[in-house]
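Residue 55 in UniProt numbering sits at position 55 of the sequence shown, and the numbers go up by one each step. By construction, the Cβ of each residue, glycine as well, lies at the ideal position given by its N, Cα and C atoms. No experiment lies behind these values; they were computed from the predicted model shown.
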Amino acid sequence: MFSTHATLEIERVREVSSGMPHSHFSEQPASTALPARHRVYLALGTNLGERIHNLEYALRLLREYLQLERISSVYETEPVGYANQPKFLNMACSGTTILSAPELLQATQGIEQTLGRQATFRNGPRLIDIDILLYDQEQWQQEGLTLPHPRLAERAFVLAPLAEIAPDLKHPALGKNMRELLEVVSQQGILRIDQPVSISPGSPTT
1 MFSTHATLEI ERVREVSSGM PHSHFSEQPA STALPARHRV YLALGTNLGE
51 RIHNLEYALR LLREYLQLER ISSVYETEPV GYANQPKFLN MACSGTTILS
101 APELLQATQG IEQTLGRQAT FRNGPRLIDI DILLYDQEQW QQEGLTLPHP
151 RLAERAFVLA PLAEIAPDLK HPALGKNMRE LLEVVSQQGI LRIDQPVSIS
201 PGSPTT
């Protein structure tokens with residue numbers, strides 16, 4: 001946690017007067033406070049094209065906006081709501097950002113467009129889907145964004161990877177952690193696969 005107290009730099013300047021050194025101290029302006037960082041959890045899904053590549057590409061672009069900390073395994077999952085489509089690959093990640101929640105939403109939607117996502121029907125196929133699951137422990141709703149994600153507790157394909165990286169993380173509205181929420185939903189059709197994504201957690205690239 002960064003201190004909110006201003007710090008003073010004290011510079012000792014050595015001067016010579018009449019052959020005798022003495023000290024002079026000058027106060028420098030306090031440095032500007034660093035912006036607050038927010039902890040976020042995201043879900044990623046894809047069922048079109050080179051699915052692993054889609055996840056890798058999305059994570060690389062997310063590093064422009066997040067300091068990634070944890071990345072889950074990849075899970076292959078049966079489609080929900082519309083069965084006549086390919087299986088999905090799903091994963092979750094966590095990190096910190098200085099962006100507000102609406103700014104982060106705008107960033108994730110920009111990444112989806114960069115990867116070529118096209119408008120489709122609800123629960124339809126997509127090249128990439130990036131959902132903000134939690135933003136700190138905030139609970140609020142505005143047009144286009146509800147926190148926490150309104151269907152988080154219902155979806156095993158989201159809860160399985162999220163419980164892997166943050167099993168004790170509590171849902172701010174329900175008061176249960178991710179492991180507990182996962183235990184009460186059907187995990188049929190959820191398969192953890194061994195194929196990793198080729199990106200490591202780390203600092204933003206810019």
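Take Leu66 and list the residues in its own chain whose beta-carbon comes closer than 6 Å to its own, dropping the five residues that flank it on each side.
The residues are Gly95, Thr97.
For a test of the three-state rule: what should DSSP assign to Ala166, helix, strand or coil?
Correct three-state label for Ala166: coil.
Express the C-alpha separation of Gln188 and Pro196 in angstroms, rounding to a whole number.
Rounded to whole angstroms, Pro196 to Gln188 spans 22 Å at the Cα level.
Report the three-state DSSP secondary structure of Arg179 (helix, strand or coil).
Note: Arg179 maps to helix in three-state DSSP.
Give the range of the alpha helix (DSSP H) segment to which His53 is assigned.
Segment 51-62, the alpha helix (DSSP H) holding His53.
Just to confirm, are Tyr75 and Arg192 a CB contact at a threshold of 9 Å?
Result yes, Cβ atoms of Tyr75 and Arg192 sit closer than 9 Å.
Taking buried to mean at least 16 other C-beta atoms within 10 Å of its own C-beta, is Gly45 buried or exposed?
Buried is the call here.
Quick check on the burial criterion: 16 or more other C-beta atoms within 10 angstroms. Buried or exposed for Glu50?
Looking at its Cβ environment, which holds fewer than 16 other Cβ atoms inside 10 Å, Glu50 is exposed.
On a CA-only basis, which of Ile199, Ile190, Glu138 is nearest Arg39? Give me that one, please.
Closest by alpha carbon: Glu138.
For Gly110, which three-state DSSP category applies?
Helix at Gly110.
Could you check what DSSP says for Glu76 in three-state terms: helix, strand or coil?
Glu76: strand per DSSP, three-state reduction.
Under the DSSP definition of a beta bridge, which residues are partnered with Val40?
According to DSSP, Val40 bridges with Gly95, Tyr135.
I think Leu62 touches Ile111, with their Cβ atoms under 8 Å apart; what is that distance to the nearest whole Å?
Contact flag correct, Cβ pair sits at about 7 Å.
What's the gap between the Cα of Arg126 and the Cα of Thr32?
Those two C-alpha atoms are separated by around 43 Å.
To the nearest angstrom, report how far apart Lys79 and Leu34 are at their CA atoms.
It is Pro, not Lys, that sits at residue 79 in the sequence shown. Going from the Cα of Pro79 to the Cα of Leu34 covers about 43 Å.
Along the chain, where does the beta strand (DSSP E) that runs through Ile199 open and close?
Element bounds for Ile199: n/a, residue is neither H nor E.
On the CB-based measure, 16 or more other CB atoms within 10 Å of its CB, does Asp168 come out buried or exposed?
Exposed, since its Cβ has fewer than 16 Cβ neighbours within 10 Å.
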